[in-house]
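> Each residue of the sequence shown is one higher than the one before, starting from 12 at the first, in the numbering used here. Think of the CB as a built atom: it goes at the ideal place given N, C-alpha and C, for glycine as much as any other residue. Just so you know, these numbers come straight off a predicted model, no measurement behind them.
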Amino acid sequence: MIKVKSRGTGKWIGMFGLGVVLATTQPGFASETTENGEQELTAECIRMQKDVNADLGKQNEMGCPPSLEQMAALMDNPVGNIAMLFTQFDFYKMTNDNITDESATKSQYMGIAQFPKGLGDDWNLINRFVWTVPSVPLDQDKIDTAAGGSAPFGESQGGTLSPAAGPLPINVFDGRTTGFGDLYYIGLFSPKEAPNMLNGKFVWGLGFDLGLPTATDDILGTGKWTAGPSAIGVYLGKKWKIGGLLQQYWDYAGDDDRDDVSLTNLQYFLYYSLDKVTSIGAGPNIIANWEQESDDRWTVPVGLGINRTFQFGKVPVRIGVEAHYSVIQPDNIPSNEWDVRFYIIPSAPAFLFSWMQ
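#1: Which runs of the alpha helix (DSSP H) fall wholly inside the region 119 to 148 and span at least 4 residues, in chain order?
#2: What are the boundary residues of the beta strand (DSSP E) that includes Ile344?
#3: With a cut-off of 8 Å on the beta carbons, I'd call Arg329 and Ile356 a contact; round off their distance for me.
#4: In its own chain, which residues sit with a C-beta less than 7 Å from the C-beta of Ser337, not counting the 5 before and 5 after it?
#5: My guess is that Leu315 and Ile298 are in contact by the Cβ rule of under 8 Å, so how many angstroms apart are they, rounded?
#6: Let me know the secondary structure DSSP gives Asp8 once reduced to three states.
#7: In whole angstroms, give me the CA-to-CA distance for Thr44 and Gly74.
#8: For Ala264, which residues from the same chain have a beta carbon less than 8 Å from its beta carbon, with the 5 sequence-adjacent residues on both sides left out?
#9: If you reduce the DSSP assignment to three classes, tell me which class Ala84 lands in.
#10: Kindly confirm or deny that the region 73 to 88 and the region 190 to 200 touch, where touching means at least three C-beta pairs closer than 8 Å.
#11: Do the CB positions of Val351 and Phe97 come within less than 8 Å of each other?
#12: Taking the alpha helix (DSSP H) that Asn92 belongs to, which residues open and close that run?
#13: Do you know offhand how far Phe213's Cα is from Phe323's?
#14: In terms of alpha-carbon separation, which member of Gln340, Ala334, Val326, Phe364 lies closest to Glu80?
#15: Exposed or buried, what is Pro360 when buried is set at 16 or more other beta-carbons lying within 10 Å of its beta-carbon?
#16: Considering only residues of the same chain and omitting the five flanking positions on each side of Thr36, which have a CB-CB separation below 6 Å?
#17: According to DSSP, what are the bridge partners of Ser273?
#18: How big is the Cα-Cα spacing for Gln340 and Asp307?
#19: Give me the residue from Leu136, Leu363, Asp266 with the minimum Cα distance to Phe219.
#20: Using a Cβ-Cβ cut-off of 8 Å (strictly less than) and excluding sequence neighbours within five positions of Glu49, which residues of its own chain qualify?
#21: Of the residues Phe353, Thr225, Gln278, Ala94, which one's Cα is nearest the Cα of Trp142?
#22: Expressed to the nearest angstrom, what Euclidean distance is found between the alpha-carbon atoms of Asp266 and Asp342?
#23: In the DSSP assignment, find the unbroken beta strand (DSSP E) run with Asn318 in it and report its ends.
#24: Please identify the residue among Gly248, Glu204, Arg187 whose C-alpha is closest to the C-alpha of Gly211.
#25: Apart from the five residues just before and just after Asp271, which ones in its own chain have a Cβ nearer than 7 Å to its Cβ?
#26: Do you know offhand how far Ser284's Cα is from Trp251's?
#27: State the Cα-Cα distance for the pair Leu277 and Gly255, rounded to the nearest angstrom.
#28: DSSP on Lys252, reduced to helix/strand/coil?
#29: Starting from Lys212, trace the beta strand (DSSP E) in both directions and tell me its first and last residue.
#30: Cα separation between Gly294 and Asn64?
#31: Can you grab the Cα-Cα spacing for the pair Arg319 / Asn88, in whole Å?
#32: State buried or exposed for Arg58, treating a residue as buried only when at least 16 other CB atoms are found within 10 Å of its CB.
#33: Can you tell me which of Ala84, Phe100, Asp268, Ser146 puts its alpha carbon nearest to the alpha carbon of Gly190?
#34: Going by Cα to Cα distance, which pick from Asn138, Leu149, Asp286 is closest to Met95?
#35: Using only CA atoms, which one of Phe100, Trp215, Gln125, Ile123 lies nearest to Lys117?
#36: By the three-class DSSP mapping on this structure, what secondary structure does Gly294 have?
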């Protein structure tokens, strides 16, 4: 049995994506072209386009649009002056001693709308709106029946399926539930000027996260309002990009019949640049669910993948694929053994949006 539910929450998401595309079609985003469609670039413009640390707004005012290499470098900066629309698909191979079907899989679409908002001359507020559409190998109706009408199982942004106590009954895996998950917001205050470090730069931000219980089924969300601190720090070198995004979630309101939430999500980044638009590496998510027993608390994956930034018309788009394997997994609850991640990220420099300044 497959349950599919949705809500009319995609309108503003689509508007943001449309805004990225429309903004990048403005005349100021591309240099003038010749009759055969080729760009006319002066020698000075070509020189500026080789500087990945240039002020792209000032460069564009001089009639020199950002190059693909400059946009790729800006996309490497998670707190940069850039708007990005992440479209990410994860396909999980699940494992647990109580899963008789060794082919049990879970999938999730995750969208992230990220954009900066200038706060004076020195600071930015980096905004990240996150929404998910999970599909899990569990039948919500059977879970409700097993729980006596109340479903103590739930899903967090980290992607673990966490029962209140003990292993999940085998027969609840006979089915699938698909629908809209919880919504999340992450706000990070970051300085506009990054300090130099080891022939590169170190970018950072501190802030907070909020979770809204918008899931269409209990198994697809936490049933709780959550909040907590967030922090990011990334070294951006000529070849290496190393760092992480740390988020902590605690519940403060919501369904009293659902489990409390105390969860840490650390997405670490490790990428090596093969050239100015291509990188290898991975960005898996380490999960610590502090409401579980010690044997079921940690999920620690490692991974490898490749991404490349392309130019589609006037829109820079990053496309990548990664594979992650969890070297540490919960012992008694269902968890993700393998994760294959595919993502597409269209982007636009923030100077195209006056309200981001």
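Working from what's here:
#1: Counting whole runs of 4 or more residues, the region 119 to 148 contains no alpha helix (DSSP H) stretch at all.
#2: No beta strand (DSSP E) contains Ile344, which DSSP labels as neither H nor E.
#3: Indeed, because the Cβ distance is near 4 Å, the residues count as touching under 8 Å.
#4: Around Ser337: Thr310, Val311, Pro312, Ser346, Asn347, Glu348.
#5: That pair is no contact at about 19 Å.
#6: Nothing can be reported for residue 8, as the shown portion of the chain is limited to 12 through 368.
#7: Residue confidence for Thr44 is low, a pLDDT of 42 falling below 50, so the modelled location carries little weight; the figure read from the coordinates is stated next. Approximately 12 Å between the Cα atoms of the pair.
#8: Excluding residues within five positions, the ones whose Cβ falls inside 8 Å are Lys235, Trp236.
#9: Of the three classes helix, strand and coil, the one that applies to Ala84 here is helix, per DSSP.
#10: Under the Cβ criterion (8 Å, minimum of three pairs), the region 73 to 88 does not count as touching the region 190 to 200.
#11: No. Outside cutoff.
#12: Run containing Asn92: none; DSSP gives neither H nor E here.
#13: So the alpha carbons of these two residues sit roughly 30 Å apart.
#14: Selected option, being the one with the closest Cα: Val326.
#15: With 16 or more other Cβ atoms inside 10 Å of its own Cβ, Pro360 counts as buried.
#16: Any reading at Thr36 needs caution, since the residue's pLDDT is 49, under 50, leaving its predicted position unreliable; the model's value is listed next. The residues are Lys325.
#17: The secondary-structure analysis by DSSP pairs Ser273 across a beta bridge with Trp261.
#18: Taking the straight line from one Cα to the other gives about 7 Å.
#19: Taking Phe219 as reference, the option from Leu136, Leu363, Asp266 with the minimal CA-CA separation is Leu136.
#20: For Glu49, the predicted structure reports a pLDDT of 49, less than 50, and the residue's modelled location is therefore unreliable. A value from the coordinates is still provided. Within the same chain, Glu49 has no close Cβ partners at all.
#21: Minimum Cα-Cα distance from Trp142 among the listed residues Phe353, Thr225, Gln278, Ala94 corresponds to Thr225.
#22: Looking at the backbone, the Cα of Asp266 and that of Asp342 are separated by about 27 Å.
#23: For Asn318, the enclosing beta strand (DSSP E) stretches over residues 309 to 323.
#24: Of Gly248, Glu204, Arg187, the residue nearest in Cα terms is Gly248.
#25: Sequence-distant Cβ neighbours of Asp271 in its own chain, meaning closer than 7 Å and more than five residues away, are Asp262, Glu302.
#26: Ser284 and Trp251 have their C-alpha atoms some 6 Å from each other.
#27: When rounded, the separation of the alpha-carbon atoms in Leu277 and Gly255 is 7 Å.
#28: Looking at Lys252 - three-state DSSP - the assignment turns out to be strand.
#29: Where Lys212 is concerned, the enclosing beta strand (DSSP E) starts and stops at 211 to 223.
#30: Taking the Cα positions, Gly294 is about 24 Å away from Asn64.
#31: Between Arg319 and Asn88, the alpha-carbon positions lie close to 15 Å from each other.
#32: It counts as exposed.
#33: Among Ala84, Phe100, Asp268, Ser146, the Cα nearest to that of Gly190 is on Ser146.
#34: Out of Asn138, Leu149, Asp286, Asn138 has the C-alpha closest to the C-alpha of Met95.
#35: Per the Cα distances, Phe100.
#36: Coil.
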